[in-house]
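Worksheet for the structure shown next.
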Amino acid sequence: MAESVAVICEQLIKAVNVMMDAESSQRYRLEALKFCEEFKEQCPFCVPCGLQLADKSQSPVVRHFGLQILEHVIKFRWNTMPQQEKVQLKNCAMGLLSNGTHFILEEESHIKDALSRIIVEMIKREWPQQWPDMLKELEDLSKLGESQTELVMLILLRLAEDVITFQTLPSQRRKDIQHTLTQNMDSILSFLLTILQLNVDEYRRLVSHHVALARAHSRVGVATLNTLAGYIDWVALVHITNEQCRLMEILCLLLSETELQLEAAECLLIAVSRKGKLEDRKPLMVLFNDVAMHYILSAAQSAEGSGLVERHYTFLKRLCQVLCALATQLCALVGSHVEVEVPGNLNKFMEAFLAFTTHPSQFLRSSTQLTWGTLFRHEVLSKHPVIVEVTSKYMRATMTNLVKTGFPSKSDSPSCEYSLVDFDNDEDFNTFFNSFRAQQGEVVRIACKIIPLEAFQMAGEWLQYQVKSPIDVGPTMSKTAEGLCSILSPSVVQWDAMTFFMESIVGQLLKTLEKEVIPVDQGIELLQAMLSYETRDPLILSCVLTNVSSLFPFVTYRPHFLPQVLHKVRPLCPAPAPRTRAVKNVRRHACSSIIKMCRDYPQFILPCFDMLYCHVKKLFSNELLLTQMEKCALMEALVLISNQFKDYEKQKAFLEELMAPVVVRWLSEEMGQTLLNPVSFLAFVGADQVMNDSNIEDQTGINRSRISFCVYTILGVVKRARWPADVEEAKAGGFLVGYTPSGNPIYRNPCAPQVLALLPNLLALIRTHNSLFLPEHMARLSETFARAYDVMDVEKNVVLGLPQPVLEIYDSPVYKTSLERMQGFFCTLYDNCFHILGHAGPSLNQDFYTIEGLAEQLVSSVLINLDHVPDHRLRAMLHILSLVVSCPQEYYDSLLCPLLGHLFAYMLQVSKAQFTWEEEVCGEKQVTQEMLEEELLRLDIYMTFLTISFNCLCWKDTSNCQRTASQVCWTLLKQIVGGNLLPEAVTWFYTSVLKGLQVHGQHEGCSAALTLLAFLIYEALRPRYSELRVVMTHIPNIQLEALDQFDQRLLNPATQKAGEKKRKEQFKKLIAGTVGKPLGQQFRKEVHIRNLPSLFKKVKPEVNRDILETSESPALVSLFSPLQDDI
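For the sequence shown, my numbering gives the first residue as 18, with consecutive numbering after it.
Here it is, written out as structure tokens:
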């Protein structure tokens, strides 16, 4: 045998070297791999060969393979091995722990890991029943040296991970091991702390004169702390806090040890983050005492003083998390029933916490924001003098933190150095900073409730400072205009930060203070500073507009400033050249500002209506001054103000005058012919022409802008025109025309006559647009516009998550090519058409729903040629949802049923075409499919919707499956389970759920939703449909006896004693065979761990017999005897 083992070992060593040699060919590598795998599966000499290969005289690669062989034997042969061989293998493995490794600093980490796995695999199979002295043996082993102690730590850590964290054991074994660990936790933690203390002491003693030995003890200390981290997360809190929080004390002391501080901080973080009863968490407040706080602060200062070293920086992150967790515990305990006092040194803690908020690292700053919010919200702490004082400091720090600096590609800020560690590129940093700024805005609004006047004063001082400061373009000036700022210019980032701060402060200030104490004079002063500030830089001008909008509420106290404000926010005409995206944004910003003011303060702006209307007319006189969107924005503002007329006839007359140019153009003969004919439409917009002549481009561009203007105007009017909210005012103004049978008022919209007159051509446009995707019309597109219907590159980048470089977003032309302009035109036009239909329902109300033949008109336009419309264009149809939701019940049959019937039928057709189920799990027959199409999928809207829902359970879309299974399927199906469903239909519904489990069962959320759905269907329909049992019998590995028992209880409710939870568990076991496995586990060899006799069986309490059944009370029984008539 010894010779055979030697020969095999020699062959294995050669094979391993071939596999790991970079020079080996693929053929030889595969042959070597095949030889090694066959050896592990078939050779009877695995144990002696594995032990010989694992000898420390071999190379690390060979040793690791030898240990893998031993692990394979334990995993897959342990159940068939004789007891004597098990004992022998266990003794040999312990021998490897004792003297089978090199010195701790020389041994390879993967060897240690493999060796610890072997021991843990044996523990999982034999402890505690067959190996009661395991912990004692490990303790004795740790006395042999540093290498053995580290291995013991790795074993204990991996055991906790497998049993508690990953739970890779059968339920019974896991419970046995976990219970035994819990019983011995006092001794385990005591052992770990003793090992830690001993090695830390030795490290401190040897570090000055014997560096190698000191490093060995340091390595053991690190391993011990890592093991502690694996236990602190789940042991009872009493183990962490006993002995006056000795564990916490040790961890705090270790924060000063450079080699151990990171691991100590991670342990401390896990301990402080523990949840549980408040009473159990109260001892954690010991960390607020002076000694603990001193060590935490000293460690932070020491790590910061060493410069940017990655390990020290990681330690700072952990320490920051510790402080955040401490603050969270403080907020939970103070003011609760456990009566915890506010710590006396809270000021020290807050100063330390504030230091992280002012640290150069943007990541560290952001890590503190949620905790600041929690502190400022706290009912007790937010009123404490220390918190009130630090709130002011936080606000000052935020004024710095809001400035966007620290890009990894730059070196203009101390933050840049840290950003190089935290972020891959500038786009990554930009995404992070936008989220960080939003967090700060939320916290600033909360803090403003504590010091509203002081916060507003800070914001005002910052604004005044920016107004007086000269504009600093910096090195990254705009590429398209000399002298203008880019988005990264120093002045822009300062203005941008100040604007955001002001916006956050003012909004909260007005909500927090009573009207009498609102600082109106200061607000008006700041507003005047903005109104008088002049700049031609679009980026800074955008900030000015935001500040004017933020400060506008103060104008309501000083109405005479209103004309100045309106003059400031009117769109800038003509636009500053060149026409960059920043210029476009500032013009849009001006439009949004005026719409917002007219929306929020229409009654206040009403006196200026005539002035504003005259100005708009003047701007409209030159067609090229404004873009179509800007024109419509001004019209929307006028419509919003006109709602305050509260006079139907007056508002109707105004809207007729406002829309007159649009009505004339939209209803013209030329436009009518263009909108009705796809060929004419393509020629009108220039999509069939090769663009090499700017004159042609100019003319067709004007044509497109005119169509866009008409559609924009219809959308703006139908979206903004409304009747008075008060019923009495509506009645007095002539808006109320009657009441529904249920007593709800029926209103008329003053824009209805104009919009309804324009509706036929709008539907014609939608019909024509859908027809553009027919092959014959696609062929008419010129070479220039062959991709006019494709998804725009900007949208593709958004979908793919490809961010545009920060500078290019604001410093690039709006559209670069004729193709992009055409793509934008088609996309926006189609989207706006459906927006109009969506708003028409709630806006026009009865005037819209009573249109004769509305359903036929919508179906013949909106739903025509959908087979050819690209999927990305169909997204626009979602906008008609509000039309459906707003539909009065009396029009369900005449409008919704035809409309949704066609829509759902199309959706089903598309879903079946795109998500074909290729593998038939339950032997579904063709006749069943034909029956389903005949009986379920045609004409009947409800059943069509139901079928779509069950179909999509099998789509390879996890989130869609979970939502549908949990929210839609049973909600629809339970409405008809009491009816006479065809057996084939019932079978199809049920198998669809099981197919979903096969596709998505490995995902926990989907598995839970689908299992519950299958359970509900089976319980509801199994008593009437025996076909479901046939389906169940096709499930792999199902136990028919268990199925019979489940069915018997289900079919005979009188005998059913099991509760719902138990029934669900039984059912889950029945259908377990349908649950699919992830690809990575489908060909994995199963590991079987046998259960051992349980040591911790629960003793059932003896059930007391009923008093009426006891023989001690015959008299009581006789009292209720029917023979006692004389009582």
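Built from N, CA and C at the ideal position, the CB exists for glycine as well. Remember, predicted model here, so these are calculated numbers, not experimental data.
Please return the same chain residues whose Cβ sits closer than 7 Å to the Cβ of L6, not counting the five positions on each side in sequence.
Residue 6 is absent from the structure shown; the chain starts at 18 and stops at 1144.
Beta strand (DSSP E) runs contained entirely in the segment 957-1033, provided each spans 3 or more residues
none
Between which two residues does the alpha helix (DSSP H) harbouring V78 extend?
77-94
Do R413 and M475 have their C-beta atoms closer together than 9 Å?
yes
Taking the alpha-carbon positions, what's the Y574 to V461 distance?
25 Å
Buried or exposed by the 16-neighbour rule on C-beta atoms within 10 Å, applied to M795:
exposed
Which of the three DSSP states is assigned to P469 in this structure?
helix
Which partner residues of P755 appear in the DSSP bridge assignment?
Rather than Pro, the amino acid found at residue 755 in this sequence is Gly. G755 pairs with I763.
Counting Cβ pairs closer than 8 Å, one from the segment 79-98 and one from the segment 1099-1111, do we hit at least three?
yes
If we count Cβ pairs, one from each stretch, closer than 8 Å, do we get three or more for the segment 257-272 versus the segment 303-321?
yes
Report the start-end ranges of each alpha helix (DSSP H) in the segment 333-381 that is 4 residues or longer and not cut off at the edges.
363-374
Tell me the rounded alpha-carbon separation between L261 and G112.
Correcting the residue type first, residue 261 is Gln in the shown sequence and not Leu. Straight-line Cα distance between these residues: approximately 39 Å.
Whose C-beta lies closer than 8 Å to the C-beta of V707 among residues of the same chain, with five residues either side of it excluded?
S799, E800, T801
When DSSP labels each residue in this structure, what does K1102 get in the three-state scheme?
coil
From K991, V772, Q979, L1033, residue whose alpha carbon lies closest to that of G1013:
Q979
Which term fits P61, buried or exposed, when burial requires 16 or more other beta carbons within 10 angstroms of its beta carbon?
exposed
Rank R784, V808, Q59, C768 by C-alpha distance to the C-alpha of G858 and give the top, closest one.
C768
Per DSSP, what kind of secondary structure is P905 in: helix, strand or coil?
coil
By the DSSP assignment, the alpha helix (DSSP H) with K748 in it spans what residues?
744-750
Between the segment 282-296 and the segment 238-247, can you find at least three pairs of beta-carbon atoms closer than 8 Å?
yes
Pull up the distance between the alpha-carbon of S503 and that of V490, whole angstroms please.
7 Å
Could you confirm whether any beta carbon from chain B is found closer than 9 Å to the beta carbon of G524?
Any reference to chain B falls outside this structure, which holds one protein chain only.
Between which residues of its own chain and H8 is the CB-CB distance below 7 Å, once the five residues before and five after are set aside?
An answer regarding residue 8 cannot be provided, because it is not within the stretch 18 to 1144 covered by the chain.
I think S452 touches P377, with their Cβ atoms under 8 Å apart; what is that distance to the nearest whole Å?
Actually they are not in contact, since the Cβ atoms of S452 and P377 sit about 19 Å apart, beyond 8 Å.
Spatially closest choice to F701 from L732, N761, S126, L782, by CA coordinates:
L782
Look at A1192 and K663 and say whether their C-beta atoms are less than 9 Å apart.
Residue 1192 lies beyond the residue range present for the chain, which begins at 18 and ends at 1144; the question has no answer from this structure.
Exposed or buried, what is H856 when buried is set at 16 or more other beta-carbons lying within 10 Å of its beta-carbon?
buried
Is the number of C-beta pairs between the segment 222-239 and the segment 291-311 that are closer than 8 Å three or more?
no
Which of the three DSSP states is assigned to E952 in this structure?
Per-residue confidence for E952 stands at a pLDDT of 40, beneath the threshold of 50, marking its modelled position as unreliable; the derived number appears in the next sentence. Residue state, collapsed to three classes: helix.
Alpha carbon to alpha carbon, how far is E746 from V679?
30 Å
Could you check if R382 is buried or exposed, using at least 16 other CB atoms within 10 Å of its CB as the buried criterion?
buried
Closest to P492 by C-alpha separation, out of L480, G477, S508, would be which residue?
S508
Give me the Cα-Cα distance between L1109 and L1057, rounded to the nearest whole angstrom.
27 Å
Helix, strand or coil: which one does DSSP assign to H856?
helix
Rank M519, R328, V537, E531 by C-alpha distance to the C-alpha of L562 and give the top, closest one.
M519
Relative to the C-alpha of S188, which residue among K141, I172, L779 is closest?
K141
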